[in-house]
Amino acid sequence: MADFLVIVESPAKAKTIERYLGKKYKVRASLGHLRDLPRSQMAVDVENNYEPRYITIRGKGPILQDLKKEAKKAKKVFLAADPDREGEAIAWHLATALGIDQTSDCRVVFNEITKDAIKESFKHPRKIDMDLVDAQQARRILDRLVGYSISPLLWKKVKKGLSAGRVQSVALRLVIDRENEIKNFEPEEYWSITGDFEKDKKKFEAQFYGNAKEKMKLQNEADVNAVMATMSGKDFTVNRVVKKERKRNPSPSFTTSSLQQEAARKLNFRAKKTMMLAQQLYEGIAVGKEGITGLITYMRTDSTRISDTAKKDTIDFIVDNYGEQYVTQKAAAKQSAKSQDAHEAVRPTSVMRTPESMKSILSRDLYRLYKLIWDRFVASQMSPAVLDTVMAELQNGEAVFRANGSQVKFPGFMKLYIEGTDDQKEEKDNILPEMDEGDIVTALEVTPNQHFTQPPPRFTEARLVRTLEELGIGRPSTYAPTLDTIQKRGYVTLDAKRFIPTELGEIVHQLVLEFFPDILNIEFTAKMEHDLDTVEDGEVDWRAIIDAFYQDFEKSVEVAESEMEKVQIKDEPVGEDCELCGSPMVYKLGRYGKFMACSNFPECRNTKAIVKHIDVKCPTCKEGEIVERKSKKRRIFYGCERYPECEFVSWDKPIERPCPKCNELLVEKKVKKGVQINCTSCDYKEEVQ
Numbered sequence: 001m002a003d004f005l006v007i008v009e010s011p012a013k014a015k016t017i018e019r020y021l022g023k024k025y026k027v028r029a030s031l032g033h034l035r036d037l038p039r040s041q042m043a044v045d046v047e048n049n050y051e052p053r054y055i056t057i058r059g060k061g062p063i064l065q066d067l068k069k070e071a072k073k074a075k076k077v078f079l080a081a082d083p084d085r086e087g088e089a090i091a092w093h094l095a096t097a098l099g100i101d102q103t104s105d106c107r108v109v110f111n112e113i114t115k116d117a118i119k120e121s122f123k124h125p126r127k128i129d130m131d132l133v134d135a136q137q138a139r140r141i142l143d144r145l146v147g148y149s150i151s152p153l154l155w156k157k158v159k160k161g162l163s164a165g166r167v168q169s170v171a172l173r174l175v176i177d178r179e180n181e182i183k184n185f186e187p188e189e190y191w192s193i194t195g196d197f198e199k200d201k202k203k204f205e206a207q208f209y210g211n212a213k214e215k216m217k218l219q220n221e222a223d224v225n226a227v228m229a230t231m232s233g234k235d236f237t238v239n240r241v242v243k244k245e246r247k248r249n250p251s252p253s254f255t256t257s258s259l260q261q262e263a264a265r266k267l268n269f270r271a272k273k274t275m276m277l278a279q280q281l282y283e284g285i286a287v288g289k290e291g292i293t294g295l296i297t298y299m300r301t302d303s304t305r306i307s308d309t310a311k312k313d314t315i316d317f318i319v320d321n322y323g324e325q326y327v328t329q330k331a332a333a334k335q336s337a338k339s340q341d342a343h344e345a346v347r348p349t350s351v352m353r354t355p356e357s358m359k360s361i362l363s364r365d366l367y368r369l370y371k372l373i374w375d376r377f378v379a380s381q382m383s384p385a386v387l388d389t390v391m392a393e394l395q396n397g398e399a400v401f402r403a404n405g406s407q408v409k410f411p412g413f414m415k416l417y418i419e420g421t422d423d424q425k426e427e428k429d430n431i432l433p434e435m436d437e438g439d440i441v442t443a444l445e446v447t448p449n450q451h452f453t454q455p456p457p458r459f460t461e462a463r464l465v466r467t468l469e470e471l472g473i474g475r476p477s478t479y480a481p482t483l484d485t486i487q488k489r490g491y492v493t494l495d496a497k498r499f500i501p502t503e504l505g506e507i508v509h510q511l512v513l514e515f516f517p518d519i520l521n522i523e524f525t526a527k528m529e530h531d532l533d534t535v536e537d538g539e540v541d542w543r544a545i546i547d548a549f550y551q552d553f554e555k556s557v558e559v560a561e562s563e564m565e566k567v568q569i570k571d572e573p574v575g576e577d578c579e580l581c582g583s584p585m586v587y588k589l590g591r592y593g594k595f596m597a598c599s600n601f602p603e604c605r606n607t608k609a610i611v612k613h614i615d616v617k618c619p620t621c622k623e624g625e626i627v628e629r630k631s632k633k634r635r636i637f638y639g640c641e642r643y644p645e646c647e648f649v650s651w652d653k654p655i656e657r658p659c660p661k662c663n664e665l666l667v668e669k670k671v672k673k674g675v676q677i678n679c680t681s682c683d684y685k686e687e688v689q
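Quick note on numbering: the UniProt record's numbering labels position 389 of the sequence shown as 389, and the sequence is numbered without any gaps.
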């Protein structure tokens with residue numbers, strides 16, 4: 001019979017850990033939380049110092065009973081939930097439910113599921129960290145107070161099934177604010193002058209910079225003509241050459257946030273999918289004779305710290321496979337002030353398990369994510385890339401052009417990995433011919449180019465996660481569920497992988513903004529996150545943080561209950577009758593926007609998708625509006641609502657603002673790397689978003 005009982009969160013982990021620990025240990029899974037606040041009520045006693053009322057989660061009773069039986073038989077119980085706030089809270093709830101002394105050495109934490117890491121962790125059990133538990137409780141109770149106060153109001157005043165919360169409301173605000181920026185954007189004209197040059201039969205490009213004294217902006221065609229008038233002939237004199245050696249350092253290993261962002265950029269993964277796959281890699285994959293083994297460290301972290309052992313093994317690997325010149329000499333990167341440094345960055349548990357060696361045992365998506373994590377980690381321990389950069393100034397009359405060139409002198413970490421960018425631009429060597437001061441180069445062509453400033457791009461998942469992180473809103477574990485929630489509630493939709501707010505999202509946002517402005521105040525919410533972090537550091541009692549917030553919040557709830565008017569999402573007549581029963585059809589607002597339904601509901605349940613107007617006038621007839629339609633093969637296209645009188649049709653989505661160059665129709669063209677706005681009449685194009 002086993003002497004020790006170990007309780008982990010997932011069955012997959014339980015099997016692996018039991019195999020590592022041997023016959024004296026029995027390992028069982030709690031399947032996540034066993035106790036929580038009930039869903040049916042607030043369950044926070046605000047009159048009694050915010051005391052939470054926890055219950056056994058519905059359906060988890062039999063699991064708890066089994067664990068109680070096993071705990072009674074065991075000489076000692078170890079609680080080995082995940083190494084974060086949530087895991088600490090699970091351990092505390094288990095200790096409470098099973099009658100385990102919380103001050104005893106009952107808590108075991110490990111950052112990776114490998115034999116050595118598991119055995120080492122059991123040599124150093126500790127007591128439950130109540131500061132971590134209180135940090136989790138504070139967030140849970142604060143979110144409950146906010147959600148269970150505002151959500152019922154939205155149910156009563158708007159429609160059932162809605163919700164609001166600290167992080168999700170700010171995320172929705174960011175999407176709506178960005179949409180308003182785009183709608184209100186007015187393009188401004190500016191110009192550039194590009195020169196194609198040649199020296200010693202080698203061609204290169206340079207851009208107009210200014211005059212000999214200063215940089216100049218070209219705001220209109222008159223500015224361009226004035227510059228062009230100062231130039232004569234095709235000969236330009238090289239009046240300055242600056243050569244520099246520049247180093248580029250590798251990015252640190254992944255945090256949860258940077259992993260989600262990079263997986264979105266490079267693998268096209270949604271945040272939710274990235275976390276699901278990372279969980280599988282962490283909990284373990286069957287690896288030949290080793291059996292089920294965790295391939296990566298714990299994936300919920302905002303630390304970039306790497307253990308000394310992992311560093312040493314990686315440096316040995318780099319020396320063996322790339323050579324000593326590829327090993328980094330730099331000190332470890334500094335942690336951010338709010339980083340939870342209880343565990344490491346996301347990294348492979350063994351650098352020797354190369355992506356190539358794992359390819360045959362991993363699914364395509366697991367392999368791609370593992371390769372991304374492995375490449376980034378190994379690259380983080382490699383030497384900087386060394387680039388030779390050259391800047392040459394060319395002058396003709398008063399006009400000064402600048403040519404910039406760069407060339408990789410030593411690839412360093414770039415031999416293995418280069419971080420992605422949101423605009424997906426690829427950097428390439430731009431090699432200039434050898435030039436010295438006083439040399440003459442020939443201009444083959446000098447071309448003025450008209451440009452217009454562009455509106456800011458809509459948020460992708462990666463960009464929204466990065467923005468929330470930069471603002472100090474939410475934590476690693478909250479980003480994926482937050483983005484999932486605002487989509488499930490129907491507050492936003494994804495178009496070309498970019499967030500667009502829905503009418504319902506706008507309504508909810510406006511109500512929260514009017515009655516609960518602090519919830520949407522970014523500085524206020526960021527300060528609240530910081531205050532909650534101080535609980536984890538043991539600097540302040542969690543109840544004091546909650547109380548400081550709730551005193552004003554409670555008053556806002558009272559005002560909202562008496563003054564928030566019911567939003568009548570009216571059943572607007574469509575102007576046509578139901579083909580099934582003859583009753584008038586009306587517009588209704590559903591989870592995914594408006595649709596047509598029979599007014600004789602529930603007797604008649606006929607519904608139809610509505611023709612979606614996109615607020616763009618038809619460029620052909622100038623009378624009707626462009627509407628979104630679907631072909632027989634369900635492909636979206638756009639046409640005039642006056643069809644068949646007007647036959648305008650387009651596969652590309654027309655947009656509201658006209659071309660700033662010729663005032664004709666602009667359309668969104670889907671290209672390989674995103675969406676590009678093109679004019680249907682002239683050569684005007686905007687950068688890919």
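Where a beta carbon is used, it is the ideal one built from N, C-alpha and C, also for glycine.
query                                                                                                                                                                                 : result
Shortest alpha-carbon distance to residue 654 belongs to which of 662, 613, 646, 642?                                                                                                 : 613
List in chain order: all unbroken beta strand (DSSP E) runs of 3+ residues lying wholly within the segment 405 to 466.                                                                : 440 to 452
Report the residue ranges of all alpha helix (DSSP H) runs contained in full by the segment 501 to 538; include only those spanning at least 4 residues, in chain order.              : 503 to 515, 517 to 520, 522 to 536
What residue range is occupied by the uninterrupted alpha helix (DSSP H) comprising residue 147?                                                                                      : 130 to 157
Determine contact between the segment 294 to 306 and the segment 387 to 402, defined as no fewer than three beta-carbon pairs at a distance below 8 Å.                                : no
Please confirm whether residue 137 has its beta-carbon closer than 8 Å to some beta-carbon of chain B.                                                                                : Reference to chain B is not applicable here, since this structure consists of a single protein chain.
Taking only three categories from DSSP, how would you classify residue 16?                                                                                                            : helix
Enumerated in chain order, which unbroken segments of the alpha helix (DSSP H) with a length of 4 residues or greater are wholly contained in the UniProt domain "Toprim" (3 to 121)? : 11 to 21, 61 to 73, 85 to 98, 115 to 121
Just how far apart, CA to CA, sit residue 331 and residue 671?                                                                                                                        : Caution applies to residue 331, whose pLDDT of 44 falls short of 50 and renders its modelled position unreliable; the model cannot decide the point.
Any idea what DSSP makes of residue 179, helix, strand or coil?                                                                                                                       : helix
How would you write the range of the beta strand (DSSP E) that residue 239 sits in, first residue to last?                                                                            : 235 to 248
Taking all protein chains shown into account, do 16 or more other C-beta atoms lie within 10 angstroms of the C-beta of residue 611, making it buried, or fewer, making it exposed?   : exposed
Measuring alpha carbon to alpha carbon, tell me which of 272, 324, 377, 463 ends up nearest residue 350.                                                                              : 377
Residues in its own chain within less than 6 Å of residue 187 by CB, not counting five upstream and five downstream?                                                                  : 452, 453, 660
Could you name the residues that DSSP lists as bridge partners for residue 207?                                                                                                       : 194, 402
Near residue 487, what residues of its chain come up, given a Cβ to Cβ distance below 8 Å and the 5 sequence neighbours on each side ignored?                                         : 493, 494
For residue 478, which residues of its own chain have a beta-carbon under 7 Å away from its beta-carbon, when the five flanking residues on both sides are left out?                  : 167
Given residue 624, which residues of its chain have a CB within under 7 Å of its CB, disregarding the five upstream and five downstream residues?                                     : 618, 640, 641, 642, 646
Give the secondary structure of residue 231 by DSSP, where H, G and I count as helix, E and B as strand, and everything else as coil.                                                 : coil
Roughly how many whole angstroms lie between the Cα atoms of residue 290 and residue 412?                                                                                             : 33 Å
With burial defined as no fewer than 16 other Cβ atoms inside 10 Å of the residue's Cβ, what is the status of residue 562: buried or exposed?                                         : exposed
Tell me whether residue 667 is buried or exposed, calling it buried when 16 or more other Cβ atoms sit within 10 Å of its Cβ.                                                         : buried
Could you tell me the distance, in whole angstroms, from the CA atom of residue 371 to the CA atom of residue 547?                                                                    : 46 Å
Applying the 10 Å Cβ sphere with the 16-neighbour rule, what's the burial state of residue 380?                                                                                       : buried
Which of helix, strand or coil does DSSP assign to residue 291?                                                                                                                       : strand
I need the straight-line Cα distance from residue 527 to residue 533, nearest angstrom please.                                                                                        : 10 Å
To which residues does DSSP link residue 674 through a beta bridge?                                                                                                                   : 671
State the DSSP-derived secondary structure class of residue 553, mapped to helix, strand or coil.                                                                                     : helix
Within 10 angstroms of the Cβ of residue 86, are there 16 or more other Cβ atoms? Answer buried if so, exposed if not.                                                                : buried
Going by C-alpha distance, which of 603, 455, 568, 644 is nearest residue 583?                                                                                                        : 603
If you compare alpha carbons, which of 315, 402, 48 is closest to residue 209?                                                                                                        : 402
Output needed for residue 485: all residues of its chain with C-beta closer than 6 Å, excluding positions within five of it in sequence on either side, in chain order.               : 168
Tell me which same chain residues have a C-beta within less than 6 Å of the C-beta of residue 239, skipping the five on either side of it?                                            : 393, 395
Apply the 10 Å Cβ neighbour rule to residue 213 and answer buried if 16 or more other Cβ atoms are within range, or exposed otherwise.                                                : exposed
Under 8 Å between the Cβ atoms of residue 8 and residue 2?                                                                                                                            : no
Give me the Cα-Cα distance between residue 599 and residue 543, rounded to the nearest whole angstrom.                                                                                : 51 Å
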